[in-house]
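Trainee:
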Amino acid sequence: MTAQIIDGKAFAATVRAKVAAHVAGLLASHGIIPGLAVVLVGEDPASQVYVRSKGKMTVEVGMASFEHRLTASTSEADLMALIDDLNKDDTVHGILVQLPLPGHLNANLVINAIDPAKDVDGFHILNVGLLGTGQKSMVPCTPLGSLMLLRDHLGPLAGLEAVVIGRSNIVGKPMAQLLLNDSCTVTLCHSRTRDLPRVVRRADIVVAAVGRAGMVTGDWIKPGATVIDVGINRVAEGGKTRLVGDCDFASCAAVAGAITPVPGGVGPMTIACLLANTVTACCRANGLAEPEGLTP
Ligand code: NAD
């Protein structure tokens, strides 16, 4: 069997189009422009690339983009003061602090200083608690994008066996919560899980979010399963670097029913969901109807 390829790039374009249509409507009917503020501390090259593309796509869907670039030596007090300003700024509906932060800054403290209503990354403890109790919240972008792909491909997920590999606060844990809220039977695996291949083999849905190139191989996959590969790993090949996922694509695609490629799978969904969260936050802040299909 050869798996169907789940085209995250194409799906992300439809999400961005929905966002753009809603943004245009907000301006036409209410004179409101959703605004996203992105804060980058330091010069991490990968973070600079992410921040640049987030800014570009924010503008492309008609929203306002505010970029705040701070030096690596910025003090916690100065960063907290900026967040306080952004919390109070009515033109800013979403605030994202690009992670990782330089070592002297406490990421938990900084994230929990963001107004939860503007926390478009969904990392604030209030949003984590709301998601964990099945209440309306801001939902982390990568798991939200993965859920959208799963629902689009499979329809209702109730009753399916889902195995999530990786228990990070950014991907694994919120992914497990979302799948649980959709009535999957969820197993959350991590580096200490015993006999991981055996656990993964029972899954109808596999979400791999580990950060190890090609770790999941086809012999771990139940025939016909849907595989969401969140991993982004740079591997050296003939003097060049290539992006690969956590799943060994060729062997997994030979067994799975469907699989997301890397690149072009979950990655584009993450930024699309950031834009979706920003327009949702803007609607909530203004007491207006939220766009449909952009939240869980
Ligand atoms: P992380 O390092 O915070 O967490 C990795 C998790 O994998 C941990 O919970 C750990 O227990 C688990 N793990 C490590 N080794 C393991 C093993 N041998 N067996 C089973 N579990 C193991 O990483 P993260 O932030 O969750 O990111 C995971 C991957 O997803 C990375 O490759 C990252 O680049 C990628 N990512 C992609 C997107 C996207 O937009 N597509 C977004 C975020 C992260």
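So for the sequence shown, our numbering puts the first residue at 2; every next one is plus one.
Beta carbons: idealized from backbone N, C-alpha and C, even for Gly.
1. Just to confirm, are Ala209 and Gly239 a CB contact at a threshold of 7 Å?
2. Rounded to a whole number of angstroms, what is the C-alpha to C-alpha distance between Ser147 and Asp79?
3. Comparing C-alpha positions only, which one of Gly246, Asp205, Thr3 and Asp153 sits nearest to Val16?
4. Can you have a look at Ser192 and say buried or exposed, based on whether 16 or more other CB atoms are within 10 angstroms of its CB?
5. Helix, strand or coil for Pro227, going by three-state DSSP, please let me know.
6. Relative to the alpha-carbon of Ala214, which residue among Arg243, Asp205, Asp247 and Cys190 has its alpha-carbon at the smallest distance?
7. Quick check on DSSP: helix, strand or coil for Asn1?
8. Run the proximity test for Thr143: is its beta-carbon closer than 6 Å to any non-hydrogen atom belonging to the ligand NAD?
9. Please report the distance separating the alpha-carbon of Val217 from that of Lys89.
10. Keeping to the same chain, check which residues put their C-beta closer than 8 Å to that of Gly150; ignore five residues upstream and five downstream.
11. My guess is that Leu189 and Gly212 are in contact by the Cβ rule of under 8 Å, so how many angstroms apart are they, rounded?
12. Confirm the yes/no value for this check: CB of Val228, any heavy atom of the ligand NAD, distance under 6 Å.
13. Would you mind giving the Cβ-Cβ distance between Gln99 and Leu41, rounded to the nearest angstrom? I have them listed as a contact below 8 Å.
14. Using the C-alpha atoms, what's the distance from Ala38 back to Pro175?
15. Report the rounded CA-to-CA distance for Gln5 versus Phe250, giving the unit in angstroms.
16. Return the first residue and the last residue of the beta strand (DSSP E) that Phe67 is part of.
17. Enumerate in chain order the residues of its own chain whose CB-to-CB distance from Thr279 is below 7 Å, with the five nearest sequence positions on each side excluded.
18. When burial is assigned at 16 or more other CB atoms within 10 Å of the CB, is Pro117 buried or exposed?
19. In its own chain, which residues sit with a C-beta less than 6 Å from the C-beta of Leu27, not counting the 5 before and 5 after it?
20. If I follow the unbroken alpha helix (DSSP H) through Leu83, where does it start and stop?
21. Out of Ala286, Cys284 and Ala277, which one is the CA nearest neighbour of Lys19?
22. What is the chain-ordered set of residues for which the beta carbon lies under 5 Å from any non-hydrogen atom of the ligand NAD?
23. Among residues of its own chain, excluding the 5 on either side of Thr186, which ones have a beta-carbon nearer than 6 Å to its beta-carbon?
24. First and last residue of the beta strand (DSSP E) that includes Ile206?
25. What does the alpha-carbon distance come out to for the pair Asn109 and Cys274?
26. Spatial neighbours of Pro198 within its chain, please: C-beta separation below 6 Å, excluding the five flanking residues on both sides.
Mentor: The relevant details are as follows:
1. The beta carbons of Ala209 and Gly239 sit no closer together than 7 Å.
2. The alpha-carbon atoms of Ser147 and Asp79 are separated by roughly 35 Å.
3. Checked all of Gly246, Asp205, Thr3 and Asp153; the closest Cα to Val16 is Asp153.
4. Its Cβ having fewer than 16 others within 10 Å, Ser192 is exposed.
5. Inspection of the sequence shows that residue 227 is occupied by Thr rather than by Pro. Thr227 sits in a strand when the DSSP states are folded into three classes.
6. Ala214 has its Cα closest to that of Asp247, out of Arg243, Asp205, Asp247 and Cys190.
7. Coverage of the chain is limited to positions 2 through 297, which leaves residue 1 absent and any answer about it impossible.
8. Yes - the ligand NAD has a heavy atom lying nearer than 6 Å to the Cβ of Thr143.
9. So the two alpha carbons sit approximately 45 Å from each other.
10. Correcting the residue type first, residue 150 is Leu in the shown sequence and not Gly. Here the set comprises Ile7, Gly9, Phe12, Ile229, Thr261, Gly266, Val267 and Met270.
11. A Cβ-Cβ separation of about 16 Å leaves Leu189 out of contact with Gly212 under the 8 Å criterion.
12. Not so, every heavy atom of the ligand NAD lies at least 6 Å from the Cβ.
13. Approximately 5 Å separates the beta-carbon atoms of Gln99 and Leu41; this is inside 8 Å, confirming the contact.
14. Each residue's alpha carbon lies about 23 Å from the other.
15. One C-alpha to the other measures close to 12 Å.
16. Counting along the chain, the beta strand (DSSP E) containing Phe67 begins and ends at Ala65 to Leu71.
17. Within the same chain, Thr279 has close Cβ partners Pro35, Leu37, Met64, His94, Gly95 and Val121.
18. Burial call: buried.
19. Result list for Leu27: Ile33, in chain order.
20. Here the alpha helix (DSSP H) through Leu83 covers Glu77 to Lys89.
21. Nearest of Ala286, Cys284 and Ala277 to Lys19, Cα basis: Ala277.
22. This selection yields Thr143, Gly167, Arg168, Ser169, Ile171, Val172, His191, Ser192, Ala210, Val211, Gly212, Val231, Gly232, Ile233, Val267, Gly268 and Thr271.
23. The residues are Glu162.
24. Annotation: the continuous beta strand (DSSP E) that includes Ile206 extends over Ile206 to Ala209.
25. Cα-Cα distance, rounded: 22 Å.
26. So the list reads Trp221, once near-sequence residues are dropped.
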